[in-house]
Amino acid sequence: MALIDWTGLDSTFRLDGGTVRLRPPKASDYSEWAAVRAASRDFLQPWEPTWARDDLTRPAFRRRLDAWRRDLEQGLTYPFLVFSNETGALTGGITLSNVRRGVAQVGTVGYWSGVHTARRGHTLTAVKTVSRFAFRTLGLSRLEAACLPSNGGSAALLLKAGFVEEGFARAYLKINGEWRDHRLFGLISRERDQTCPD
Ligand SMILES: CC(C)(COP(=O)(O)OP(=O)(O)OC[C@H]1O[C@@H](n2cnc3c(N)ncnc32)[C@H](O)[C@@H]1OP(=O)(O)O)[C@@H](O)C(=O)NCCC(=O)NCCS
């Protein structure tokens with residue numbers, strides 16, 4: 003299967019989304035990643051788990067890469083950085099995680115955009131691109147995503163990407179230091195959708 007080819011975070015692997023390209027992170031991404039995240043701190047922090055004090059340091063980035071690599075080797079997580087095809091610059095990140103096989107064949111999508119490249123459609127394109135990869139290459143048949151009730155932008159993005167709102171989970175994730183309720187969304191492949199006309 004294709005995923006075997008990049009279980010070592012093969013730096014040549016790419017997903018082309020047209021306006022953006024996605025590839026697994028590598029150590030040499032550190033400076034650009036840290037600069038975009040630092041510039042976007044106030045924009046991102048309210049919607050993300052609390053950043054560790056050393057979050058933007060090179061050792062912390064290496065630990066992040068190591069954790070992704072371990073999960074990737076087990077087929078649990080597929081992390082990507084998102085780059086503009088127009089400028090080549092890093093615009094954000096998207097991760098397919100919590101992959102469960104067997105009778106579930108499901109994964110969770112999470113994403114972020116740098117503040118200076120937001121509202122240009124890059125994340126929407128990245129979500130659609132990762133969804134295609136998950137269904138066609140990995141053979142998953144269901145994707146899940148969640149956002150805070152107050153995160154109208156993220157909810158609108160998911161709906162535009164074809165996700166359907168499915169429910170509400172109490173105290174679902176610890177965001178910015180507090181256990182927060184979340185809106186739950188799902189996207190299922192045509193193959194799995196028994197209601198989808200042939
Ligand atoms: C949510 C987030 C990822 C959106 O990224 P983005 O690259 O700006 O999104 P896109 O440009 O691809 O937006 C696609 C669509 O989503 C919706 N959308 C995105 N941001 C929105 C906002 N702030 N307000 C309203 N709608 C928004 C719009 O429908 C948009 O289409 P439009 O611009 O044509 O109206 C980004 O704002 C972000 O990183 N926010 C902070 C962290 C976060 O919320 N992460 C997700 C946690 S669930």
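Using our numbering, you'd call the opening residue of the sequence shown number 3 and step up by one each time.
By construction, the Cβ of each residue, glycine as well, lies at the ideal position given by its N, Cα and C atoms.
Note that the structure is a prediction, hence the values are computed from the model and not measured.
From the options, residue whose alpha carbon lies closest to that of residue i
{"i": "N178", "options": "F45, S133, R16, G169", "result": "F45"}
{"i": "L58", "options": "R39, R72, P48, Q76", "result": "R39"}
{"i": "A188", "options": "S99, P51, T110", "result": "Sequence check: residue 188 is Gly here, not Ala. Measuring from the Cα of G188, the nearest candidate turns out to be T110."}
{"i": "P26", "options": "G169, G112, L67, A147", "result": "L67"}
{"i": "F63", "options": "S30, R72, T89", "result": "S30"}
{"i": "T125", "options": "D183, G112, F15, P151", "result": "G112"}
{"i": "V22", "options": "E50, K130, W181, L98", "result": "K130"}
{"i": "G194", "options": "R138, S143, A171, D56", "result": "Contrary to the premise, residue 194 reads as Arg rather than Gly in this sequence. The shortest C-alpha separation from R194 is found at S143."}
{"i": "Y80", "options": "S86, R71, N87, E88", "result": "R71"}
{"i": "F15", "options": "R65, V84, P51", "result": "V84"}
{"i": "E50", "options": "L150, S86, Y32", "result": "L150"}
{"i": "R121", "options": "Q196, L159, Y32", "result": "L159"}
{"i": "Y32", "options": "R65, L24, W53", "result": "R65"}
Residue i vs residue j beta-carbon contact at 8 Å
{"i": "S42", "j": "G116", "result": "yes"}
{"i": "L175", "j": "A148", "result": "yes"}
{"i": "A163", "j": "R185", "result": "no"}
{"i": "A161", "j": "V132", "result": "Checking the sequence, you will find Leu at residue 161 rather than Ala. No, the Cβ-Cβ distance between L161 and V132 is not below 8 Å."}
{"i": "V105", "j": "G77", "result": "no"}
{"i": "L17", "j": "F135", "result": "yes"}
{"i": "A19", "j": "T127", "result": "It is worth fixing the name first, because residue 19 is Gly in this sequence and not Ala. Yes."}
Assigned exposure category for residue i - 16 Cβ within 10 Å defines buried
{"i": "Q107", "result": "buried"}
{"i": "L145", "result": "buried"}
{"i": "L92", "result": "buried"}
{"i": "L140", "result": "buried"}
{"i": "R60", "result": "exposed"}
{"i": "F82", "result": "buried"}
{"i": "V166", "result": "exposed"}
{"i": "W181", "result": "exposed"}
{"i": "T89", "result": "exposed"}
heavy atom of ligand 3 below 7 Å from residue i C-beta
{"i": "F45", "result": "In terms of ligand content, the structure shown lacks ligand 3 and carries ligand 1 instead."}
beta-carbon residue i near ligand 1 non-hydrogen atom, thresh 7 Å
{"i": "H124", "result": "yes"}
{"i": "W181", "result": "no"}
{"i": "N153", "result": "yes"}
{"i": "S156", "result": "yes"}
{"i": "K130", "result": "no"}
{"i": "E50", "result": "yes"}
{"i": "A69", "result": "no"}
{"i": "K176", "result": "no"}
{"i": "R121", "result": "yes"}
{"i": "W114", "result": "yes"}
{"i": "L159", "result": "yes"}
{"i": "K162", "result": "yes"}
Cutoff 8 Å: residue i Cβ touching any chain B Cβ
{"i": "V129", "result": "In the structure shown, chain B does not exist; there is a single protein chain."}
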